[in-house]
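Colleague:
Numbering (the working numbering), first residue to last: 227 to 444.
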């Protein structure tokens, strides 16, 4: 009968139940076995629910089945099985997302490091080139300069040295020529009214030699 069959099935767990009387293996009748099964069922379900709750709080992945010894008892609660399967899927998706995020961070760190290195090297090279630049040009500038020995109307009352492009002008010209030679001047930049009526008109003017070449050439 069904009661006798149940008594045979639950006889192994009955050995673990303590009480005033000791239940021996196979000694339960059908009615006793059914009664014991009905009394143990709430405890078994409560223990199973506590185990499931603990697994959920611990974030542990669970399979939709529980193994007791060599016997595999499938979960008969479809809602719990679906919940566990959903937890597994969410955990897998979070793992993939974390892996992708780590790779993106590594790639961005490498790119930023490369850009920083390139900028640093470029700045160092630019500074080195600027310091060691050999294309610098040195030149001399002149102000209002245009009198020669016989082209300036110097008043007779002017002090000695100013008449006809005298010693003062010639001395300043020699000092400027010496400074230009020391800095390897490439050209002379003339400022002011050096070229005017009665002054030097062009490089073919005879005054060009006396006003410029004789004063600034060694």
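Just so it is clear, CB atoms sit at the ideal spot from N, CA and C, and this is done for glycine as well.
With C-beta atoms as the reference, is residue 366 less than 8 Å away from residue 342?
Modeller: Contact: no.
Colleague: To the nearest angstrom, how far is it from the Cα of residue 409 to the Cα of residue 353?
Modeller: When rounded, the distance between both Cα atoms is 23 Å.
Colleague: Could you please give me the residues that DSSP links to residue 414 through a beta bridge?
Modeller: Partner(s): 366.
Colleague: Applying the 10 Å Cβ sphere with the 16-neighbour rule, what's the burial state of residue 433?
Modeller: It counts as buried.
Colleague: Report the three-state DSSP secondary structure of residue 279 (helix, strand or coil).
Modeller: DSSP places residue 279 in helix when its eight states are reduced to three.
Colleague: Taking its Cβ as the centre, do 16 or more other Cβ atoms sit within 10 Å of residue 438, making it buried, or is it exposed?
Modeller: Label assigned to residue 438: buried.
Colleague: I'd like to know whether the C-beta atoms of residue 363 and residue 435 end up nearer to each other than 8 Å.
Modeller: No, the Cβ-Cβ distance between residue 363 and residue 435 is not below 8 Å.
Colleague: DSSP state of residue 343, grouped into three classes?
Modeller: Here residue 343 sits in helix by DSSP.
Colleague: Is DSSP giving residue 274 helix, strand or coil here?
Modeller: Correct three-state label for residue 274: helix.
Colleague: Output needed for residue 330: all residues of its chain with C-beta closer than 8 Å, excluding positions within five of it in sequence on either side, in chain order.
Modeller: So no residue of the chain qualifies.
Colleague: Can you look up residue 430 in the DSSP assignment and give me helix, strand or coil?
Modeller: Three-state DSSP puts residue 430 in coil, outside helix and strand.
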